[in-house]
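Every letter in the sequence shown is one number past the one before it in UniProt numbering, and letter 123, counting from 1, is 123. The beta-carbon is built from N, C-alpha and C at its ideal position, and this holds for glycine as well. All remarks here apply to the structure that follows.
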Amino acid sequence: MKDNSAFAKANPASKKISVAFYNLENLFDTQDDPETLDDDFTAEGYKNWNSKRYTKKLNKLSRVISEIGHEETNSSPSIIGVAEVENKAVLQKLIETENLEDLGYDIVHYDSPDERGIDVGLLYLKEDFEVIDSETVSVYLESEYGERDYTRDILHVTGNLMGVRTHILVNHWPSRRSGVEESQPKRITAAQKNRMIIERIEAEEPEARIIVMGDFNDGPHNESIKNHLVQKDLYNPMVFLNTRYEGSLNHDFEWYLFDQIILSTNFMRMHENTLRYDKSDIYNKHHLTEFKGRFKGNPFRTYAGRRYLGGYSDHFPVYCIFKHL
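Structural data, given as structure tokens:
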């Protein structure tokens, strides 16, 4: 059997990397922002959020981030998209924790118009990814009363991933809180906005490498993903990961895979491909789960309603492994 570690040492250009996505479940600081609905996450708020709990959450999340894909790559993720972060400052605090401070992460983040003040962002290892450009793209939605319904922007980052020009779209689509059927058109609109970005990219770069990631609040088989986002130019490797026994989140004792990473098909090309897709997985190690009780095996979350549990997140991260040849 070939010794892969010896092979890698003999061929320094040969390397495996991971790309991940993680919904961080309400990563708020402790300060009240008068422009957003963040009052719950203050010391006087509904959840009694304070510096001790904030620091504990940062340390827990940073531990997870440092671990994702490490067994396969011997490294933390080259890129990790995140959702449910209040601002750039909380991401800066995150990468300054003991678990991440020496790894060389940097941040791409923009404030978006979401009423709760939660955004998406991108963390990246400067050694593996060079940012060329970034932008946010708004998703225009309307409420049933014809008023604008503000949601998270799409983050579009262009850069060189292991020297390969790559476009990354980070998403957090509208929730199902008002009902699955009632809210579905909003997620279809978000999917269509992603298609507009993708088609604009492909018009300028016909062989563009594109990674679409996010918490889509829909699974691989839902209409927004299957019929509106994933066309012949994209491949969804996550379609095989969602089973009755596993997913990235659990609701009413049913598993869902709302967190996904979708790839342009050129990542699958077998020959003359310096950055090739290898595998996907859900990072659901035992220490990220509830250890006992009715919810044993579910993601160990920070809060259940207003009750503080002290966990990580109500979502598991997902990730893809790539071979850099």
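Asked                                                                                    : Found
Cβ contact check for the region 83–91 and the region 275–294: 3 or more pairs under 8 Å  : no
Distance, L161 Cα to P299 Cα                                                             : 30 Å
Residue of K15, S18, E25 and V19 minimising C-alpha distance to L309                     : E25
DSSP-derived helix/strand/coil call for F21                                              : strand
CA-to-CA distance, E147 to S14, given in whole angstroms                                 : 53 Å
Bounding residues of the beta strand (DSSP E) (the contiguous stretch that carries T136) : F129 to V137
C-alpha gap between P317 and A304, whole angstroms                                       : 19 Å
Burial state of V180 (16 or more Cβ within 10 Å)                                         : exposed
Buried or exposed (CB count within 10 angstroms, at least 16 for buried), I133           : In the sequence as presented, Ile is not what sits at residue 133; that position holds Asp. Flag for D133 reads exposed.
Residues near W173 in its chain [Cβ-Cβ closer than 6 Å; skip 5 each side]                : R187, A190, F216 and N217
Presumed contact (8 Å Cβ cut-off) between L122 and L155, rounded CB distance             : 6 Å
DSSP three-state assignment for I68, whether helix, strand or coil                       : coil
Cβ pair V108, V157 closer than 8 Å                                                       : yes
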